[in-house]
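Residue numbering for the sequence shown follows numbering that gives the first Met the number 0, starting at 0 and increasing by one per position.
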Amino acid sequence: MTTAATPLSERSAWKALAQHAEAMKEVHLRTLFAEDPSRGEKFTAEAAGLFLDYSKNRVTGETLKLLVQLAEESGLKTHIEAMFTGEKINTTENRAVLHVALRAPKGESIFVDGVDQVPPVHAVLDKMSDFADRVRSGEWKGYTGKKIKNVVNIGIGGSDLGPVMAYEALKHYSQRDIIFRFVSNVDGTDFAEAVEDLSADETLFLVASKTFTTLETMTNAHSAREWALASLKDDAAIAKHFVAISTNAKEVSKFGIDTANMFEFWDWVGGRYSMDSAIGLSTMVAIGPNAFREMLAGFHAMDVHFRTTPFENNLPALLGLLTVWYTDFFDAQTMAVLPYEQYLKRFPAYLQQLTMESNGKHVTLAGTHVETETGPIYWGEPGTNGQHSFYQLIHQGTRLIPCDFIGFYKTLNPLGRHHDMLMANVFAQAEALAFGKTAEEVKAEGVPEALVPHKVFEGNRPSNILLAEKLTPAVLGSLIALYEHAVFTQGTIWGIDSFDQWGVELGKVLATRILGELEGTGELKHDTSTNRLIEKYRANK
Ligand code: F6P
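Laid out in structure tokens, this is it:
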């Protein structure tokens with residue numbers, strides 16, 4: 000029996016998959032469906048409010064058996080238990096990885112270094128709930144006694160992408176008399192436009208930063224403070240208009256925010272896994288504490304499913320394994336995520352950090368270079384907009400791009416035939432990608448010979464379809480947890496640390512050095528290209 004300690008390419012399931020893939024590359028989805036009409040029922044799984052149809056993938060029962068075997072040989076079960084029980088599986092940062100504790104029900108216990116982490120999670124949730132209720136009801140007043148009408152979240156990366164995605168996703172459930180804005184970019188335009196039409200005396204800033212040292216966030220937070228003080232004219236106003244969300248009480252105080260107005264989280268919450276921690280305060284103010292807790296329940300339902308369900312029926316494991324299959328055996332470079340739900344318009348952008356900051360790694364946990372391709376590029380746009388933009392390439396281009404379609408039985412905004420039309424497109428796209436259109440079929444339509452090759456659709460392009468009743472807070476929670484654990488599954492197979500992000504450091508260090516140079520006149524000691532660009536900027540700024 001091989002184990003995760005065995006290099007990936009030497010695991011017996013891997014070798015078998017490599018052989019099997021050669022045979023599968025020759026097989027068309029048309030043949031697979033013709034040979035086994037039960038595929039549409041067989042290759043499905045359902046959990047935590049989500050139904051997954053993965054039958055239009057280039058897999059057979061044999062493929063799935065081998066992928067599950069690969070998960071077993073890679074120690075996925077043990078690794079899941081290690082995460083859920085608070086082991087320090089983020090080894091390069093010596094940290095536990097416990098976003099699952101953020102949605103653990105009251106009464107459960109998860110220990111790190113002998114301390115139960117669940118009670119403080121609920122204490123912070125209660126503090127957030129109290130605060131959110133006070134802002135929503137108008138009880139929390141600004142410095143001049145006015146009700147808060149605008150909430151501006153300042154953060155970047157995981158301290159922005161999750162909150163903005165969740166706000167957009169759950170807008171239907173939000174309190175409409177509060178305006179929500181999100182400032183992330185160090186480009187001053189982001190801040191300037193966000194506050195352009197706001198009054199400081201009605202505006203509350205949520206400064207969200209795990210470290211409270213991130214350059215972009217601190218720069219925007221200082222600009223926000225200056226902007227607020229320019230009209231409120233008293234440092235005492237800060238306490239009414241700024242709260243902090245952070246793990247770093249010292250830096251929060253240094254900034255001038257009373258730690259009584261700080262919402263805490265912990266080093267075991269990774270930035271890209273933090274939208275259900277205090278980082279989600281803007282979400283809670285928008286939708287209210289009850290709906291926020293429903294979202295947490297959705298996350299938790301998927302967590303339980305991932306931890307307890309055999310891999311053959313385990314949604315995140317299946318999604319993760321299919322990604323490994325296409326990335327490593329079919330040279331797929333990218334994965335498209337295509338939500339047919341306007342409220343999920345920021346979901347692909349959110350997934351980009353979750354997937355690519357997690358699995359964009361070329362070094363294994365053992366410190367050696369990986370043997371295979373790892374994290375694919377994730378991208379997407381809501382349907383049907385994408386269809387009129389990049390779907391041409393997915394249907395007839397030269398690359399294999401596995402797609403995840405996400406759709407709902409019910410819309411939150413019933414309007415004539417709109418929703419049926421939207422969903423007709425989901426099913427049509429997946430069908431067209433899988434089965435295509437042969438030259439014979441094109442000819443039979445009377446198409447002139449010269450045009451036939453242009454009108455042929457090769458098909459055999461794989462996709463998953465995810466369906467849910469409607470977009471509720473709980474469904475959003477379980478959808479996010481699905482991708483979190485799919486990423487975990489991939490990272491486990493590849494043997495990488497999905498929870499660090501050393502790759503963002505070098506650029507940060509160089510930018511700090513170059514900032515000094517852009518603002519000074521000293522000698523430049525970079526390469527000739529960088530020197531010349533800096534000189535040009537200095538001369539023209
Ligand atoms: O981009 C690097 C990163 O560390 C992300 O992982 C994180 O989400 C983001 O910066 C923001 O960090 P912080 O919440 O500490 O400001």
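Just so it is clear, CB atoms sit at the ideal spot from N, CA and C, and this is done for glycine as well.
Considering only DSSP beta bridges, list what H368 is partnered with. V362
Ends of the beta strand (DSSP E) at V336? T333 to P338
For T1, collect the residues of the same chain with a Cβ closer than 6 Å to its Cβ; drop the 5 residues on either side in sequence, then sort them by chain order. Confidence is the limiting factor: at T1 the pLDDT is only 45, short of 50, which leaves the residue's position unreliable, though a coordinate-based value still follows. The answer, listed in chain order, is R10, S11 and E72.
Residue span of the alpha helix (DSSP H) that contains E516, given as start and end: E504 to L517
How would you write the range of the beta strand (DSSP E) that L214 sits in, first residue to last? Note, L214: premise wrong, no beta strand (DSSP E); alpha helix (DSSP H) at L214 to L231.
Express the C-alpha separation of V182 and D233 in angstroms, rounding to a whole number. 24 Å
Contacts around L314, its chain only, beta-carbon distance under 6 Å, and the 5 residues preceding and following it disregarded: A44, A46, L51 and L481
Using a threshold of 7 Å, is the CB atom of T437 nearer than that to any non-hydrogen atom of ligand 1? no
Rounded C-alpha distance that separates V543 from K253: Nothing can be reported for residue 543, as the shown portion of the chain is limited to 0 through 540.
What span of residues does the beta strand (DSSP E) with L65 cover, start to end? Counting along the chain, L65 falls outside any beta strand (DSSP E), though it belongs to the alpha helix (DSSP H) covering G60 to E72.
Since T84 and I109 are thought to touch, with beta carbons under 8 Å apart, how far apart are those beta carbons, to the nearest angstrom? 7 Å
Using 8 Å as the Cβ pair cut-off and three pairs as the minimum, do the segment 372-379 and the segment 15-28 touch? no
Taking its Cβ as the centre, do 16 or more other Cβ atoms sit within 10 Å of W324, making it buried, or is it exposed? buried
Residue closest to F291, alpha-carbon to alpha-carbon, out of A168, A193, F328 and Y349: A168
Could you pull out every residue in the same chain whose Cβ sits closer than 8 Å to the Cβ of L65, ignoring the five residues on either side in sequence? A12, A15, L16 and H19
Take T91 and list the residues in its own chain whose beta-carbon comes closer than 6 Å to its own, dropping the five residues that flank it on each side. D496 and D499
Report buried or exposed for W265, applying the criterion of at least 16 other Cβ atoms within 10 angstroms of its Cβ. buried
Report the partner residues of E45 according to the DSSP bridge assignment. F50
What do you reckon, are the CB atoms on F407 and L466 nearer than 8 Å? yes
Measuring alpha carbon to alpha carbon, tell me which of A443, L160 and A193 ends up nearest P347. L160
In its own chain, which residues sit with a C-beta less than 8 Å from the C-beta of M217, not counting the 5 before and 5 after it? S208, F211 and F254
Taking 7 Å as the cut-off, is the C-beta of K617 nearer than that to any heavy atom in ligand 1? In the structure displayed, the chain extends from 0 to 540; residue 617 sits before or after that span and is not available.
Given 7 Å as the limit, tell me if V503 has its C-beta closer than that to any heavy atom belonging to ligand 1. yes
How is the alpha helix (DSSP H) around L475 delimited, first residue to last? P472 to W493
To the nearest angstrom, how far is the alpha carbon of D200 from that of L411? 34 Å
With the cut-off set at 8 Å, would you say A427 and G458 are in Cβ contact? no
T363 versus T371 - alpha carbon distance: 11 Å
Run of the beta strand (DSSP E) containing I177, from where it starts to where it stops: Per DSSP, I177 belongs to no beta strand (DSSP E) and is neither H nor E.
Going by C-alpha distance, which of H171, A165, M274 and L517 is nearest L158? Reading off the sequence, residue 158 comes out as Ser, not Leu. That would be M274, whose Cα lies nearest to the Cα of S158.
Where F262 sits in the DSSP three-state scheme: strand
For a test of the three-state rule: what should DSSP assign to R306, helix, strand or coil? helix
I'd like the span of the beta strand (DSSP E) that includes D403, first residue to last. C402 to F407
Just list the alpha helix (DSSP H) runs in the segment 79-139, keeping only unbroken ones of 4 residues or longer that don't cross its boundaries, in chain order. 117-136
Can you tell which of P447, V451, R102 and N424 has the C-alpha that lies nearest to the C-alpha of K436? V451
Below 8 Å on the Cβ atoms is my contact criterion, and I expect S222 with F190 to pass it. Report the Cβ-Cβ distance as a whole number of Å. 5 Å
Mind checking whether N260 and A243 have CB atoms under 8 Å apart? yes
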